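For any residue, its number in my numbering is found by taking its place in the sequence shown, counting from 1, and adding 1.
Notes to accompany the following structure.
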Amino acid sequence: MKKILIVGGGISGLATAWLLRSKAEAAGEELHITLLEKDDKPGGKIRSIKAEGYTCEWGPNGFLDSKPQTLNLCRSIGIESSLHRSNDNARKRFIYSGGELHQLPDGAPAFLKSRLISLPGKLRLALEPTPFISASPADVDETLADFGRRRLGSEALDKLIAPMVSGIFAGDPETMSLISCFPRIAELEREYGGLIRAMIMLAKKKKRDIAEGKVVSSAAGPGGVLTSFRDGIQFLSDALTSSLGEIVNSSVTVNSITAQKDDTYLVTSENGGIYEADVLIMATPAYATAKILSGLDYKISGVLEQIPYASMTVVCFGYSRNQINSSLDGFGYLIPKKEGRNTLGTLWDSSMFENRAAEGKVLLRSMMGGACFPDYIKLSDDEVTTRVEEDLRMTMGIDSAPEFVRIFRHPQAIPQYTVGHGSRLDKLEKQLKENRGLILTGNSYRGIGLNDCVAAAERAADEALKFLIDSTK
Ligand SMILES: Cc1cc2nc3c(=O)[nH]c(=O)nc-3n(C[C@H](O)[C@H](O)[C@H](O)COP(=O)(O)OP(=O)(O)OC[C@H]3O[C@@H](n4cnc5c(N)ncnc54)[C@H](O)[C@@H]3O)c2cc1C
2 MKKILIVGGG
12 ISGLATAWLL
22 RSKAEAAGEE
32 LHITLLEKDD
42 KPGGKIRSIK
52 AEGYTCEWGP
62 NGFLDSKPQT
72 LNLCRSIGIE
82 SSLHRSNDNA
92 RKRFIYSGGE
102 LHQLPDGAPA
112 FLKSRLISLP
122 GKLRLALEPT
132 PFISASPADV
142 DETLADFGRR
152 RLGSEALDKL
162 IAPMVSGIFA
172 GDPETMSLIS
182 CFPRIAELER
192 EYGGLIRAMI
202 MLAKKKKRDI
212 AEGKVVSSAA
222 GPGGVLTSFR
232 DGIQFLSDAL
242 TSSLGEIVNS
252 SVTVNSITAQ
262 KDDTYLVTSE
272 NGGIYEADVL
282 IMATPAYATA
292 KILSGLDYKI
302 SGVLEQIPYA
312 SMTVVCFGYS
322 RNQINSSLDG
332 FGYLIPKKEG
342 RNTLGTLWDS
352 SMFENRAAEG
362 KVLLRSMMGG
372 ACFPDYIKLS
382 DDEVTTRVEE
392 DLRMTMGIDS
402 APEFVRIFRH
412 PQAIPQYTVG
422 HGSRLDKLEK
432 QLKENRGLIL
442 TGNSYRGIGL
452 NDCVAAAERA
462 ADEALKFLID
472 STK
């Protein structure tokens, strides 16, 4: 029986194992799948911590239901009925600017009324669909900042694009690549000649499709509803782990991998374990994969080492509802770097999902650090607490100390798709051809959201199965 080894038990590794097993069963192929995970609990960045009536998300707090991947996975493992969608509050998002919170406008009339962008900034934005704006420079891997300045102007870059980049990637728009981070935006610009034009044309198309009775996929829209589980997002990785049973081996740190003469791989672990594999799927972060593969293919390791990571500190504060005057009606807010605050923003977790705090309590989750503030990961607990309190006083007028504090540090939280990421992926693809049966998956390559990781897992599972079927022909 062919042996498949998956290294890394975050959502990427777990979903790959699950999808590969399901696809192999459907194709009548018998496989021996083993997953090795370093930590004592699989899940990687996914972890939901329950304490004193609060449910704190260590990493992700859910996925968007506007893409099908994670929903389909939940359906296939039989946990669809446990899905817990965020309430309408999650639709209202805010930006802190000039000493106040501004709701992100959801349409042209609200945008015109909003005081988030000044009149000159709005006039500059109004130029976006006109020929005064230069088109995308062909064959240039443009930074998000250059794209923002070119199409929308500096103010929109600072107050809209930069906070979005820090909210998703904890990234710095001056270094991040538009085409690698937001390929759909680059595509819309190319296809329609501008973003406002694209929005108008897509809205018209949607109207036409509805009038013609066509099924309009919710995937066409940008937003979607943030979706999790009553007990937190860890319910997903726990369900996958228990469904996979003996496939998952926790507390096994893979050290090195070598190729054998018969085209199989020999994998060794820190505790002396030795595993053979016909197909090896690496679902570890790029820096870990680089280290593990250094003896197998130094060229692959060299490219992987060039993918930088941003650190992040996640700070959960619990309060009694009466300690807070704000309506807390929303998703939370992001803070542009130019505001000079300590945090990247704060999510109102208990407003999005009502059971994240006990009755009469409130759970706020602030993010610190990211690519723009790399030293914040070194701050002590006391410094972190003081700085978050200071920001919450400024942004939401919270004067009292939280009754509950939890701080989670991620020294290498999120891979940064900086300029050159696309050509790094091309090099990896080329070099992987020299290593038959070696597959890379995970959030380091083509998307960091849970949906992206599951989509990549599906591609990895398909590739593995195809390789195995082709090699037995
Ligand atoms: C703070 C934060 C908030 C986020 N919020 C959201 C959100 O709301 N929505 C969303 O969609 N996404 C969010 N993301 C992104 C998303 O959580 C991640 O991209 C995703 O969970 C990564 O999954 P992964 O399996 O690719 O990697 P990881 O979760 O990093 O898993 C990799 C696994 O490999 C293991 N490993 C490493 N080295 C070895 C080794 N030598 N041997 C064996 N195993 C090893 C690790 O222990 C780990 O379990 C967030 C990320 C962070 C950090």
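Ideal placement from N, C-alpha and C gives every residue a C-beta, glycine not left out.
Note that this is a predicted model, so its numbers are computed, not measured.
The beta strand (DSSP E) enclosing residue i, as first and last residue numbers
| i | result |
| --- | --- |
| P412 | F405 to P416 |
| R86 | L84 to R86 |
| S495 | The requested residue 495 is not part of the displayed model; the chain covers only 2 to 474. |
| R94 | R94 to S98 |
| F230 | L227 to F230 |
| E355 | Careful: E355 lies outside any beta strand (DSSP E) and carries neither H nor E. |
| Q104 | E101 to Q104 |
| I275 | I275 to A278 |
| A52 | S49 to A52 |
| T269 | Y266 to S270 |
| V253 | Neither: V253 is in no beta strand (DSSP E) and is coded neither H nor E. |
| L36 | L32 to L37 |
| C473 | A small correction: the amino acid at residue 473 is Thr; Cys does not occupy that position in the sequence shown. Looking at the DSSP string, T473 is not in any beta strand (DSSP E), and its letter there is neither H nor E. |
| L6 | K3 to V8 |
| T56 | Y55 to E58 |
Proximity test, residue i beta-carbon vs ligand 1 heavy atom, cut-off 7 Å
| i | result |
| --- | --- |
| T35 | no |
| F64 | yes |
| L451 | yes |
| K39 | yes |
| G11 | yes |
| M353 | no |
| K339 | no |
| C454 | yes |
| I258 | no |
| T8 | Position check: residue 8 holds Val in this sequence, whereas Thr was assumed. True, at least one ligand heavy atom lies under 7 Å from that Cβ. |
| I186 | no |
| K68 | no |
| A240 | no |
| A91 | no |
| N444 | yes |
| K46 | yes |
| A109 | no |
| A278 | no |
| P412 | no |
| G14 | yes |
| V226 | no |
| V1 | Any answer about residue 1 is impossible in this case: the structure gives the chain only from 2 up to 474. |
| G274 | no |
| G60 | yes |
| W283 | The amino acid occupying residue 283 in the given sequence is Met; Trp does not appear at that position. M283: no, Cβ never under 7 Å from ligand 1. |
| V255 | yes |
| M313 | yes |
Where the alpha helix (DSSP H) through residue i begins and ends
| i | result |
| --- | --- |
| Q70 | Q70 to I78 |
| L126 | L120 to A127 |
| S244 | Q235 to L245 |
| S13 | I12 to A27 |
| L113 | A109 to K114 |
Nearest-angstrom Cβ-Cβ length linking residue i and residue j, presumed shorter than 8 Å
| i | j | result |
| --- | --- | --- |
| D330 | N90 | 6 Å |
| G44 | S238 | 4 Å |
| D264 | R437 | 6 Å |
| R410 | I378 | 6 Å |
| G11 | K46 | 6 Å |
| Y276 | L32 | Not a contact, Cβ separation roughly 14 Å. |
| K24 | L469 | Not a contact, Cβ separation roughly 11 Å. |
| R366 | L348 | 5 Å |
| W19 | S244 | 7 Å |
| M353 | S87 | 4 Å |
| R342 | D392 | 5 Å |
| V475 | V389 | An answer regarding residue 475 cannot be provided, because it is not within the stretch 2 to 474 covered by the chain. |
| S135 | R151 | 6 Å |
Cβ-heavy atom distance, residue i to ligand 2, below 7 Å
| i | result |
| --- | --- |
| S155 | This structure lacks ligand 2; its bound ligands are ligand 1. |
CB contact below 8 Å: residue i versus chain B
| i | result |
| --- | --- |
| M283 | Among the protein chains of the structure shown there is no chain B, as only one such chain exists. |
Sequence ranges, alpha helix (DSSP H) only - wholly within the stretch 149–219, length at least 4 | 163–170, 179–182, 184–193 and 196–212
Within the stretch 367–453, note down every full alpha helix (DSSP H) run reaching 4 residues or more, in order along the chain.
-> 382–397 and 422–433
List in chain order: all unbroken beta strand (DSSP E) runs of 3+ residues lying wholly within the stretch 281–350.
-> 310–321, 333–335 and 344–348
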